[in-house]
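These notes concern the structure reproduced below.
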Amino acid sequence: MPVGVRAMTALLIDLDGRADTTNLGDLAVQAVRQAPRDDLAALAELAEVTGWILFEEERQAEAHAHNLLALHLSRQSNFHDVEILTLLNSTFQRTRVNKLREALALAARGVERTTSTKVRAMFALREARVYSRMGLERAALGALDRARDVLEDDPRAPHWAWWIDQAELDGHRAAVLANLGRLEEAALAFPPDDGLRFREVLRAMRFRTLRALGEWHGPEPVFASPRARQAATGIPGVRYTREEASTA
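Spelled out as structure tokens, the structure:
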């Protein structure tokens, strides 16, 4: 085991990026429980990473709890970058469990808390996903339009924003179109498979969209992460009414 909270966080990030890693959540949860409380900023970062790992493993209640911990600690320690990243993650996590209005409120809070145009655009992508789940096409497409700045150079962007690129933007657009039931457009919008682990969910969504259209040919792919496996078995184009979203 590495020595120090930040070293443990770095190890978890490294393991999370490996294609053969499974069941990392238990190690991450144990690390948070055993970490000393003398460096709140380091602990906030560890809690944020743990929350994301648990989200990927479909351990949603635990992911939410660790996101709340990361938000609390990041505010106590004035670790602004981790606070904003956790708000971004929390928006996705609350969307995953159909807390759609809560997800929109978190996204709005994130936009208020950052001066980075890139990060604001990243929150707009999250909003687009939420609106598409609610079946609000105009709002979803409007949020996608607001996300166009996500690829622009931004000196105020935090270091963790490195992963947002054209493929990620295309993947979000495709996911939005699929959620809205525009499957033919979605199938064309998904980016080519680049083999990156963190885009496995996009590959799963592309598979389920093509399968729904009757255009998947060949054996069914195998996905490593629980979230990707869940995405592969979902039904694209499922819509949520405003009433369902407000009570989910």
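Here the sequence shown is numbered in this note's numbering, starting from 106 and rising by one per residue. Every residue, glycine too, gets a C-beta built ideally from N, C-alpha and C.
Cβ atoms of Ile158 and Leu193 stay farther apart than 8 Å, at about 15 Å. Pairing Ala294 with Ala279 gives a Cβ-Cβ distance under 7 Å.
DSSP places Ile158 in the helix class (H, G or I) of the three-state scheme.
Residue range 185–201 is occupied by the alpha helix (DSSP H) that includes Glu188. Inclusion of Asn284 and Ser237 in the CB contact set at 7 Å is warranted, their separation being smaller than that value. Residue burial is scored here from C-beta neighbours: Val187 has at least 16 other C-beta atoms within 10 angstroms and is therefore classed as buried. Trp267 carries a helical assignment under DSSP once its states are collapsed to helix, strand and coil. Shown here, Arg308 sits in a helix according to DSSP, grouped into three states. When Cβ pairs closer than 8 Å are counted between the two stretches, the stretch 312–325 is seen not to touch the stretch 136–148, the count staying below three.
Remark: C-beta atoms of Ala133 and Thr114 do not approach each other more closely than 7 Å. Per DSSP, the continuous alpha helix (DSSP H) segment holding Pro331 begins and ends at 331–338.
In the structure shown, Asp119 falls within a helical segment according to DSSP collapsed to helix, strand and coil.
Around the C-beta of Phe303, fewer than 16 other C-beta atoms lie within 10 Å, and the residue is accordingly described as exposed. Note on geometry: alpha-carbon atoms of Ala175 and Met227 lie some 19 Å from one another. Shown here, Ala279 sits in a helix according to DSSP, grouped into three states. A straight-line Cα-Cα distance of about 11 Å links Gly323 and Phe312. Excluding sequence positions up to five before and after Ser221, its CB lies within less than 6 Å of the CB of Asp259, Arg261, Ala262, all in the same chain and listed in chain order. In summary, His185 is exposed, with fewer than 16 beta-carbon neighbours lying within 10 Å of its beta-carbon over all protein chains present.
Under the criterion of beta carbons closer than 8 Å, Leu288 and Thr314 qualify as touching, at roughly 6 Å. For Glu167, the enclosing alpha helix (DSSP H) has its first and last residue at 165–181. Distance check between Ala208 and each of Arg218, Phe197, Val216, Glu217 places Phe197 closest, using alpha-carbon atoms only.
Excluding the 5 residues flanking it on each side, Arg180 has same chain C-beta neighbours closer than 8 Å at Glu188, in chain order.
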